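What follows is a single structure, written as structure tokens, with notes after it.
Protein chains: 4
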Amino acid sequence: MNFASDNTSGVPQQVLEALARANDGYAMGYGNDALSHRVQDLVRDLFEAPTAQVRLVGTGTAANALALALLCPPWGAAYCHAAAHVDCDECGAPEFFTGGGKLVLVPGAHGRITPERLDAVLTRAGRSVHQVQPSALSLSNLTEAGTVYDPDMLAALTAVARSHGLAVHLDGARFANALAATGATPAEASWKAGVDVLCLGGTKNGLIGAEAVVIFDRDRATEFDLRRKRAGHLFSKHRYLAAQMMAWLEDGLWLDLAGRANSAATRMAEGLSNLPGVRLRHPVDGNVIFVDWPGAVAKLLRARGATFYDAPREDGTPGARLVASWDTDTEQITRFLALAKDATSP
Amino acid sequence: MNFASDNTSGVPQQVLEALARANDGYAMGYGNDALSHRVQDLVRDLFEAPTAQVRLVGTGTAANALALALLCPPWGAAYCHAAAHVDCDECGAPEFFTGGGKLVLVPGAHGRITPERLDAVLTRAGRSVHQVQPSALSLSNLTEAGTVYDPDMLAALTAVARSHGLAVHLDGARFANALAATGATPAEASWKAGVDVLCLGGTKNGLIGAEAVVIFDRDRATEFDLRRKRAGHLFSKHRYLAAQMMAWLEDGLWLDLAGRANSAATRMAEGLSNLPGVRLRHPVDGNVIFVDWPGAVAKLLRARGATFYDAPREDGTPGARLVASWDTDTEQITRFLALAKDATSP
Amino acid sequence: MNFASDNTSGVPQQVLEALARANDGYAMGYGNDALSHRVQDLVRDLFEAPTAQVRLVGTGTAANALALALLCPPWGAAYCHAAAHVDCDECGAPEFFTGGGKLVLVPGAHGRITPERLDAVLTRAGRSVHQVQPSALSLSNLTEAGTVYDPDMLAALTAVARSHGLAVHLDGARFANALAATGATPAEASWKAGVDVLCLGGTKNGLIGAEAVVIFDRDRATEFDLRRKRAGHLFSKHRYLAAQMMAWLEDGLWLDLAGRANSAATRMAEGLSNLPGVRLRHPVDGNVIFVDWPGAVAKLLRARGATFYDAPREDGTPGARLVASWDTDTEQITRFLALAKDATSP
Amino acid sequence: MNFASDNTSGVPQQVLEALARANDGYAMGYGNDALSHRVQDLVRDLFEAPTAQVRLVGTGTAANALALALLCPPWGAAYCHAAAHVDCDECGAPEFFTGGGKLVLVPGAHGRITPERLDAVLTRAGRSVHQVQPSALSLSNLTEAGTVYDPDMLAALTAVARSHGLAVHLDGARFANALAATGATPAEASWKAGVDVLCLGGTKNGLIGAEAVVIFDRDRATEFDLRRKRAGHLFSKHRYLAAQMMAWLEDGLWLDLAGRANSAATRMAEGLSNLPGVRLRHPVDGNVIFVDWPGAVAKLLRARGATFYDAPREDGTPGARLVASWDTDTEQITRFLALAKDATSP
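Protein chains in written order, with our numbering: chain Z, 29 to 374; chain A, 29 to 374; chain X, 29 to 374; chain E, 29 to 374.
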């Protein structure tokens, strides 16, 4: 019962098989192989974006930081939610990759920024030479709170950003979960909603380590390529990144895996919400659950073999984050909910 | 017949099998899993360095740049050979990771720096506030010319570096090939010869994408960890990096693969050196061959299916680089040498 | 009637005379002249800090950013008030100089951080490899709101910082005003209260462009010197910086000038506070006044020749910032208050 | 007798008087004052460049590094002479300001790069994603060897640069000396010869600390402004920079001062070249002299009160650099040459 993160899971058999197939023979390095070209074409098809540029990297932090660096100069500001992964969990990678850009934090309930608040913040922002220049909006979908933006919400936010001259980055570490949650098409949840650069995360949803950066404005791709190499994120044996990504995107595997994770989380959340003293902190739109519960419950569950992270509120109220994965099965859920019932019964 | 680079080869079966084994069950992320701990222990054993800190990353550029950033401050200079990979082929990664440190180029025959030249350069280097401060020596073994430093050569160079207050980085993208070439033990070719941080490359010698940074001074490891995360090089599903590295280091596979590549190169070099109009530019100590030959030879060989990079001399004299790999087999060598014989016969 | 900033004023005659005296003859560059040595000794005396290292630069932004870079690594966080000059008015200089460090904003009434809030924020701060590492506290005295920290307040804040492992930077762009306001000695308001590096600002209080960075921990000075040169802030004709600073510190001129500015502000504030519809937003401890008043008042005052900046509240309520300077004289104050009276009379 | 540098001299009376005049009354900060506007207009007139953007900073290192950062991205290379000040004497400022760009060193006799050599180097430069991208040419006039490029030489070099896609920076720390030496107009020695950004140095030629960056392509100016502020090089009391620069440029003072320094150097060089065992290392085109002479000569001269820096050749042969200044007078020259005659007489 490991709910610490969706990155504690392994990968489905298809991914390993794809690696074995890709292993055959010689292949030119650095993305100059047939498989790497094919994966770019596939992403373009899936996103209905024939001119999009697609680049693969090995980690989500790399994808986000490289993407932000495209959109935010050293003297720029990128606006993101106060709990955004790029601010809280990447050890300053955006600042490193942008060359010292600033993340400006925008608060908002349930991990979401509202267009009104964003507009107010941007309207107030100074733009003289003394201030960093508002340059990018960075959204996450799923959000860090496990909630989802549907395409309309995204479009409203990106419209505000656009009206203030900002470009838009979308941290899609759980983009597949967002698609599964909303039923939106890849295009609807990205460029059609005003996203300029999407970081499409595979690692949290069944890959070994592969993320696709989808650059809808092709003119930015050359700079990306130089930044990627310079940051050590251009893999020489690129075919193995491509193989993972192909296996994941082909035949809808990515959406299938995300759907499974979301369903598992929904069932866990329903079960938990019925227990005394347990409250869901945020709507559970995808595969991430935040609960408020007594510290003793967490202790008991851990003693009986459940793994997860504590996630107290800012005021110290105890709580936890539980993440379901593509391989969270019925047995695990049943067992966990039974333990949770025990742990919360008076 | 692909001799473009040792990174155009696939990986041996053991590596794929190790991935499959590692795929079983849940594992905590970011290196906090059993396999990741085991690989650190194994490296320590192999290097007779019980307190060394071992960190894995996915690319050689990342390994080198992170290592250099440990040893060279933003206002520092790292001294390297004029043809060093860190200067010529990493798109400024060392400058990016160090925060603007400077690489100072030291010329030398056959890809090697001599202690005398290094001493002269360092003696002349200014150390006032107006100059960048001499901080690190960066060596490569194999060198970019395909030659090797034996432990005595290394020790002589690191002694000069030490006497001027510099720390020592070793780019070991082909460290296994250097060991196979010299018969030195891992310890003899690293810390016993004065190396502070070794980048032990697996990717060019049979791995998908895994490099170990071996930090002999454990006090530097915490900074490395922050730099690695911040650069997006801390893999969440770290077990798959560890699995590759384990499979490679266990049972001497790494040395076996390197030995095969070196032998293949030796045979190719011998064959080539007997052909009219073909000259080996550098001693072939490992798996990399530089030849001077007429441009027409290269053209003919390519027309018949051989893949390799041109490598003209500085003055424009034509030539090529040919790299043998762990899977360069007798059949390829025989076929290539036959073609070369044809191409060079009057 | 210019109340836009204390940097719109000229400099007292003594400063010009000191430049003229310093102009005589040759002097070695880059601080290696007698006058530059003397100013360091004088600062040490005034601060009762015989081992402090004193460095001069030309702007407050340079002083602050260089000082922060000493205390906060690229992967570090510096905590400052949400309205701090280093965050709001330096176009990201701290991020540039630290190499991508992060400023974490701490709210607080009247421009001040409270020890309780600081402790809460630091207690909650993550310190794993995924987070930037809490490294420095950056205080301003006077604060951006024009209020003062007395030595006890400072000591309480720096004690919290110290207990969490943070070093302390003090932005003293108006340090002299803070001394004049509190009667504290230079030592009491700096190192005795736990400050590690003080930026002692001269420019806003009667100099052409000279700030002293006082580094109480001498071991940090060599790094400062390299950072200063590398940032283009080491003046070759350093004697002219030194001459300004000497003239200012000798015979208590700096405190005299600050006292005059504070007195002027006090009189202006008293006058304004008695007018209908005008409210002082913050206590006026030094030479900076924030008023809430109807926009029409500002308009009228400007029409009659007063210069100042609007400073609306976050919610848009109109208001202004008025800064008195060392040369704000009785005539100006009287005239301004008369105009203000007119402008606010029904 | 101080020949250590032209920055050991004071400033002419006109400069002090200009400061005193500028001191009168209030002036808005950060360049928004009348004098700052006037100096920009004057530079445009003098350079026959009505759309040029002119910015002032306090040091030559700042001017150069900011200018280079405009022309060379973090992944770019700037080509400069192997002895260039930007590489040898600015503690890595270009690397800091560009965000990690690389300086590529081009050798050349007497401090000059030749068009042929530049073309060869640029033709050979890799431009794949693995290499830093050739972006800028950085020239110095006077060169570090004290020689001059005349407009034709400049034009030939910038034509090569342009043909390879590079922009051109000119380090004009001694630009006035170059004008005095060649008789070229400011325009002929800058934009008419293909220079994109000129750093026009005042400090070495009679100012306290003021340099003008002349940006001939006005579109780059906004980025410059943000970079300047962010680097702490935007002076709040900007009028005092402007006053210095006005006094210097008005009525030809700058050229007059440079002419005096050049004449003094010419006379010193002539005198020295006639002494036994003394040889001029480079042509003395401006105010900088390099001599080869026995170490004993240097010792004797110092013992008798002459100040200068040793400047041995790369191979250790002793020598010195002697710099004449605007205020190097006949008496000093005569005295120095007499001492030198004594010191070199057998």
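All residues carry an ideal CB built from backbone N, CA and C; glycine is no exception.
Predicted model, so just to flag it, every value in this text is computed and none were measured.
Taking CB distances under 8 Å as the criterion, tell me whether residue i reaches chain E.
| i | result |
| --- | --- |
| A/E144 | no |
| X/S37 | yes |
| X/L254 | yes |
| Z/G127 | yes |
| A/K220 | no |
Whole angstroms is fine: what's the gap from residue i's alpha carbon to residue j's?
| i | j | result |
| --- | --- | --- |
| X/A238 | E/D180 | 42 Å |
| Z/G305 | Z/E298 | 14 Å |
| E/R145 | E/H113 | 20 Å |
| E/T358 | E/N60 | 43 Å |
| Z/V134 | Z/E172 | 13 Å |
| Z/S64 | Z/L285 | 22 Å |
| X/F31 | X/T356 | 9 Å |
| A/Q81 | Z/D115 | 28 Å |
| Z/D247 | A/H158 | 40 Å |
| X/A331 | E/A62 | 20 Å |
| E/P388 | E/V188 | An answer regarding residue 388 of chain E cannot be provided, because it is not within the stretch 29 to 374 covered by chain E. |
| A/H138 | A/H310 | 6 Å |
| A/C227 | Z/G193 | 44 Å |
Within 8 Å of any Cβ in chain X, is that where the Cβ of residue i sits?
| i | result |
| --- | --- |
| E/G120 | yes |
| Z/E123 | yes |
Per DSSP, what kind of secondary structure is residue i in: helix, strand or coil?
| i | result |
| --- | --- |
| A/Y58 | coil |
| E/P102 | coil |
| X/E45 | helix |
| E/V149 | helix |
| E/L228 | strand |
| E/C108 | strand |
| E/S218 | coil |
| E/K130 | strand |
| A/Q159 | coil |
| X/L269 | helix |
| Z/E123 | helix |
| Z/I361 | helix |
Using a Cβ-Cβ cut-off of 8 Å, state whether residue i counts as contacting chain A.
| i | result |
| --- | --- |
| E/H261 | no |
| X/P214 | no |
| X/W276 | no |
For residue i, which residues in the same chain have their Cβ closer than 6 Å to its Cβ, ignoring the five residues on either side in sequence?
| i | result |
| --- | --- |
| E/F336 | F31, A32, A348 and L350 |
| X/R72 | P78 and A80 |
| E/A93 | A121, P122 and F125 |
Any Cβ of chain D within less than 8 Å of the Cβ of residue i?
| i | result |
| --- | --- |
| X/P102 | No chain D appears in the structure shown, which is made up of the protein chains Z, A, X and E. |
Between residue i and the rest of its own chain, which residues show a CB-CB distance below 7 Å, the 5 nearest in sequence each way excluded?
| i | result |
| --- | --- |
| X/L131 | A106, C108, V114, D115 and P122 |
| X/N290 | N205, A208, A209, G314 and N315 |
With a threshold of 8 Å between beta-carbons, can residue i be considered close to chain Z, or not?
| i | result |
| --- | --- |
| E/K257 | yes |
| A/D338 | no |
| X/V225 | no |
For residue i, which residues from the same chain have a beta carbon less than 8 Å from its beta carbon, with the 5 sequence-adjacent residues on both sides left out?
| i | result |
| --- | --- |
| E/E251 | L98 |
| A/A50 | L63, R267, Y268, A270 and A271 |
* Could you give the uninterrupted runs of the alpha helix (DSSP H) lying entirely in the stretch 273-350 of chain E, keeping only those of 4 residues or more? -> 281-301 and 323-331
* To do: Note down, one range per segment and in chain order, each beta strand (DSSP E) of at least 3 residues found wholly within the stretch 172-205 of chain A.
  => 195-200
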